[in-house]
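Data first, discussion second: the structure below is written as structure tokens.
Residue numbers (our numbering): 3 to 290.
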């Protein structure tokens with residue numbers, strides 16, 4: 003199943019995508035409910051809602067109507083240095099990274115639609131892309147063992163962990179450079195976990211204006227998803243709808259020779275096998 007949030011008749015709603023249609027769950031649950039609220043119900047609830055949608059609550063698929071699947075996520079957490087190729091390219095320029103899990107916080111105000119516009123901030127020239135597999139937490143969890151972690155995954159999304167490199171390097175936390183508004187597009191939907199037998203066997207490709215910049219497979223990860231959930235929940239509760247971004251492979255623009263920063267008009271596409279593709283056009287911030 004593909005769970006989506008979208009705009010219909012000028013209001014946000016949610017449901018699932020089926021072929022060339024979007025099924026709207028909103029009328030069954032009321033305007034105060036969001037996709038985040040139904041995630042703990044799991045596949046049994048989602049299936050009931052999908053089967054109960056009447057014909058008038060089906061609308062034509064429109065990618066421009068899509069919102070981030072969980073636009074009201076409470077946490078957006080990203081893992082740095084989780085692919086050997088990316089670690090190697092950072093080490094070539096003198097950056098050293100711990101071999102353990104290094105997490106940073108991306109502010110939820112950065113969340114953007116899967117086909118939304120990316121602001122190129124007027125305070126920096128160093129705008130960069132990072133294609134990543136995203137994990138959506140389905141139920142609140144704390145002190146999870148890796149062996150039990152899969153039960154708490156609702157599904158998977160495509161993420162562009164957009165980065166403003168000079169601001170990122172101002173502090174070890176990376177938070178400022180990772181959290182500019184519009185710099186966390188993800189989606190285009192949540193592909194539910196039952197449809198992805200092994201999220202660590204998926205091809206990932208990033209293009210800029212059609213040119214391939216990143217190409218890898220999620221099997222190349224250093225730390226796998228169960229270990230991530232175990233690590234994080236040792237410290238705090240992961241909540242339904244929280245977003246985990248699992249790291250980027252080699253090929254980021256800032257580490258090319260010379261660096262290839264994103265410019266006004268560039269189109270960045272991130273595609274992951276069996277999940278889908280997001281695409282975002284870069285626009286100089288004052289132009290908006």
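Here a beta-carbon is modelled for each residue, glycine too, at the ideal position from N, C-alpha and C.
For residue 92 and residue 221, the gap between their C-alpha atoms comes out near 20 Å. Annotated as distal: residue 3 and residue 67, with beta-carbon spacing of 8 Å or more. Its chain contains 89, 92, 99, 100, 104, 224, 249 as the residues whose beta carbon lies nearer than 8 Å to that of residue 83, once the 5 sequence neighbours on both sides are disregarded; these appear in chain order. Contact between residue 280 and residue 174 fails: their C-beta atoms lie close to 29 Å from each other, not under 8 Å. Considering only 145, 16, 109, 30, the residue with the shortest C-alpha distance to residue 231 is 145.
DSSP places residue 254 in the coil class of the three-state scheme, outside both helix and strand.
Contact between residue 62 and residue 22 holds, with the beta-carbon distance rounding to 7 Å and staying under 8 Å.
In this chain, the beta strand (DSSP E) harbouring residue 4 covers 4-10. Under the Cβ criterion (8 Å, minimum of three pairs), the stretch 255-270 does not count as touching the stretch 227-245. For the pair residue 208 and residue 253, the CB atoms are nearer than the 8 Å cut-off. Runs of the beta strand (DSSP E) lying entirely within the stretch 226-273, each at least 3 residues long, are 245-247 in chain order. Excluding residues up to 5 positions away in sequence, 251, 252 lie with their Cβ nearer than 6 Å to the Cβ of residue 87 in the same chain. Counted as a single uninterrupted DSSP element, the beta strand (DSSP E) harbouring residue 161 occupies residues 155-162.
Of all C-beta pairs linking the stretch 147-155 to the stretch 24-36, fewer than three are shorter than 8 Å, placing the two stretches out of contact. In the structure shown, residue 76 adopts coil according to DSSP, grouped into three states.
It is roughly 35 Å from the alpha-carbon of residue 85 to the alpha-carbon of residue 49. DSSP lists 81 as the bridge partner or partners of residue 105. For residue 76, the closest alpha carbon among the candidates 259, 165, 276, 246 is that of 246. The DSSP assignment places 167-170, 177-180 as complete runs of the alpha helix (DSSP H) inside the stretch 118-191, in order along the chain (cut-off: 4 residues). 8 Å or more divides the Cβ of residue 278 from the Cβ of residue 216. Cβ-Cβ separation between residue 187 and residue 162: approximately 5 Å, consistent with a contact (criterion under 8 Å).
About 11 Å separates the beta carbon of residue 166 from that of residue 131, a gap too long to meet the 8 Å contact definition. DSSP, reduced to helix, strand and coil, places residue 279 within a strand of the structure shown.
Taken atom to atom, the span from the alpha-carbon of residue 140 to that of residue 12 is near 27 Å. Taking the CA atoms as reference points, residue 239 sits about 21 Å from residue 112. Cβ-Cβ distances below 6 Å link residue 219 to 205 in the same chain, with the five nearest sequence neighbours on each side left out; the list follows chain order. For residue 62, the enclosing beta strand (DSSP E) stretches over residues 60-62. The three-state secondary structure of residue 196, taken from DSSP, is helix. Beta-bridge annotation (DSSP): residue 207 is paired with 217, 273.
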